[in-house]
Amino acid sequence: RYTPYKCENKESLPVIFHCIELSVPFQPPSRNNVLRFRYTTYMGVQHPAEPKVVVEFSPSDLALTPAQEGKFIKLCGPRYNPAKRLVKMSCEMFKQQAQNKRYLVELVNSLVKEARVSKIIPFWCLRRNIPFPFITQFF
-19 RYTPYKCENK ESLPVIFHCI ELSVPFQPPS RNNVLRFRYT TYMGVQHPAE
31 PKVVVEFSPS DLALTPAQEG KFIKLCGPRY NPAKRLVKMS CEMFKQQAQN
81 KRYLVELVNS LVKEARVSKI IPFWCLRRNI PFPFITQFF
């Protein structure tokens, strides 16, 4: 016969009350945490998509000048969503999530570094003349 468990004091459920005492309220990420990572975990089951890591961020949060931000968006190509103003990248090359996350962080750092470089480019090869890679078809 089923009887609901009734908690009358702290001693009857010490683990739950201990978890409640340790909980902290939610605080949104600060301006220093511009990269948002998403992991997929299948509890207790091995799955081929488990090592996949996805990172999302806004180029405007990277402290770039408008020219550098435009160059960064061009370097990201189709990974930039102009409607949401977000860049979304994923990686599942390695077996561990930590390795994939590290690769994505290094990739974003190298893109930012390349966007900040201002090389002297010949007139016939100006990068500012390259259009943004946005698809502007409306269905």
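Its first residue numbered -19, the sequence shown is counted upward by one per residue in this note's numbering.
Glycine is no exception: its CB is placed at the ideal position from the N, C-alpha and C atoms.
DSSP three-state call for K51: helix, strand or coil? Reading the sequence shown from its first residue, position 71 is the one you call residue 51. K51 falls in the helix class under three-state DSSP.
Less than 8 Å between the C-beta atoms of R59 and K51, yes or no? The residue labelled residue 59 in the question sits at position 79 within the sequence shown. The residue labelled residue 51 in the question sits at position 71 within the sequence shown. Cβ atoms of R59 and K51: not closer than 8 Å.
Simplified DSSP assignment, three categories, for K93: By one-based count along the sequence shown, residue 93 stands at place 113. Reduced to three states, the DSSP call for K93 is helix.
Report the residue from Y22, L87, R96, A78 whose alpha carbon sits nearest the alpha carbon of F37. Taking the first residue of the sequence shown as position 1, residue 37 is located at position 57. With distances taken between Cα atoms, F37 lies closest to L87.
Alpha carbon of F6 to alpha carbon of N13, nearest angstrom: Start at 1 with the first residue of the sequence shown, and residue 6 comes out as number 26. Start at 1 with the first residue of the sequence shown, and residue 13 comes out as number 33. Cα to Cα, F6 sits roughly 15 Å from N13.
Is E36 helix, strand or coil when you go by DSSP? As a first step, residue 36 must be located in the sequence shown, where it is residue number 56. In the structure shown, E36 sits in a strand (DSSP, three-state: E or B).
Buried versus exposed, by CB contacts within 10 Å (16 or more), P28: Translated into positions along the sequence shown, residue 28 becomes position 48. When all chains shown are included, P28 counts as exposed.
Just mark N61 as buried or exposed, buried being the case when its beta carbon has 16 or more other beta carbons within 10 Å. Translated into positions along the sequence shown, residue 61 becomes position 81. Label assigned to N61: exposed.
If I follow the unbroken beta strand (DSSP E) through L66, where does it start and stop? Counting from one through the sequence shown, the residue named residue 66 turns up at place 86. Looking at the DSSP string, the run of the beta strand (DSSP E) that includes L66 is 66 to 71.
Let me confirm a value: V35 is counted as buried when at least 16 other C-beta atoms fall within 10 Å, else exposed. Which label applies? If you number the sequence shown from 1, residue 35 lands on position 55. It counts as buried.
For a quick check, are the C-beta atoms of Y95 and Q48 less than 8 Å apart? By 1-based counting over the sequence shown, the position of residue 95 is 115. By 1-based counting over the sequence shown, the position of residue 48 is 68. Before going further, note that residue 95 is Ala rather than Tyr in the sequence given. In this structure, Q48 lies closer than 8 Å to A95 by Cβ.
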